[in-house]
Each structure stands twice: as C-alpha cells, then as structure tokens.
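So the structure is just underneath, and the comments pick up after that.
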Amino acid sequence: MKPIKSEKHRRIEFSTLSSLIGQELGNSDWVEITQTDVDKFADASGDHEWIHVDVPRATKAFGAPVVHGYLTLALLPMLSQSVIETAGMRNGLNYGLDKLRFTNIVHVGQRVRLCQKMIDVTPKRGGLLLRKEVMVEIEHEDRPALVAEALFLLFPEDDRMGGD
Numbered sequence: 131m132k133p134i135k136s137e138k139h140r141r142i143e144f145s146t147l148s149s150l151i152g153q154e155l156g157n158s159d160w161v162e163i164t165q166t167d168v169d170k171f172a173d174a175s176g177d178h179e180w181i182h183v184d185v186p187r188a189t190k191a192f193g194a195p196v197v198h199g200y201l202t203l204a205l206l207p208m209l210s211q212s213v214i215e216t217a218g219m220r221n222g223l224n225y226g227l228d229k230l231r232f233t234n235i236v237h238v239g240q241r242v243r244l245c246q247k248m249i250d251v252t253p254k255r256g257g258l259l260l261r262k263e264v265m266v267e268i269e270h271e272d273r274p275a276l277v278a279e280a281l282f283l284l285f286p287e288d289d290r291m292g293g294d
C-alpha cells in the first residue's frame, strides 16, 4: 500500500468546500492490501489474532487471511487525500465517525477503494467540520467492506474564519 493520487484527483479551494454539499466527491484508485500491511498493523495495534497473521490456518478456514476491520478503516485518510486535495488548508483533524458498520470481510490480496459524498459542511472552532458519507468497496464484491459517516475538521491557512 502506498499513498497515491487517483487519476481523477482534483484540487479544491478551502473557501469552496460548502459548495460540495450533496455531491459525490469521487472514488480513489484500487489499493491492494498485502500480508505485510496486515502484519505491520498487527504489530502496531497488538491484534495478532490468527485469522489475520497465521497464513496457513487462515487460508484453510477463510480462503486467505482476513484484513483487520480497523486497518481498512485506517485507510480512509490516505484514500480520501488521493481523491481530493484542499488548497488553502493549514491542517485537518479526524473528528470522528458516525454510523460505522463493517459490512463485509476483506481478505489479504484483495483490492479496495474509497467512494465518498459530502453530506454537510459547518463552521466549527475556526475551521470547517466536514461530514462525508464514505464507503470502502472491495473489488469484485457486491457488499462494501465498510460504510460510515466520517467527520473531518479542517482549518484554513489564514485563520480568518473566526470561531464558535
């Protein structure tokens, strides 16, 4: 896995984010999740359950090792930034998730991509709180790996927004 810019990557201005409410923001390119990715995530998270890291046993039980749901979730920032870049932004924070559901298993070697839609943009703490409907699709699968409403708090470069 590596951060990439989608072929459909676009750059938008911070000041125009609210104009995207109700719009599909696009899809990332497909990204393959490898056993190395899973092993590194297992080390970082301490989740070494056999379904993730014992390749022979997981392959016998599931056809391939199972990617951690939280690893799939952790791809959201990288995949989102590969689709859309915000110019005029100083920094952004992951603000939280609503309605998160893991709806399908991702196996090692499968490819996933992010689909996202802007639901709302509201002023908050001198920045803008973005609410996006996100879905991580699995290539050749009918059901996505996860669906959620993801919240991101973005701050402008120039601090002219004021705060609430």
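My numbering numbers the first residue of the sequence shown as 131 and each following residue consecutively. Using N, Cα and C, we set each Cβ at its ideal position, and we do this for glycine too. If you're wondering where the values come from, they're calculated on a predicted model, not measured in any experiment.
Asked                                                                                                                   : Found
Neighbourhood of GLY257 by C-beta distance below 6 Å, restricted to the same chain and skipping five residues each side : LEU283, LEU284, PHE285
Given THR164 as reference, the closest of PRO195, ALA174, ALA188, ILE151 once Cα atoms are compared                     : PRO195
Counterpart residues of ARG295 in DSSP-defined beta bridges                                                             : Because the chain here runs from 131 to 294, residue 295 falls outside it and cannot be looked at.
Option nearest ALA280 by Cα separation, candidates ILE268, LEU259, HIS237, PHE171                                       : LEU259
The stretch 165-173 / the stretch 258-273 touching (three or more Cβ pairs under 8 Å)                                   : no
Cβ neighbour criterion (16 or more within 10 Å) applied to THR202                                                       : buried
Simplified DSSP state of ALA280, which is helix, strand or coil                                                         : strand
Cβ pair count under 8 Å reaching 3, the stretch 181-196 against the stretch 215-234                                     : no
Counted within 10 angstroms of its Cβ, other Cβ atoms place HIS198 as buried (16 or more) or exposed                    : buried
Whether ARG241 touches GLU269 by CB criterion (7 Å)                                                                     : yes
Test item: CB-CB of LYS247 and GLU154 under 7 Å                                                                         : yes
6 Å CB neighbourhood of GLU179 in its chain, flanking five on each side removed                                         : none
Coarse secondary structure for PRO286, derived from DSSP in three states                                                : strand
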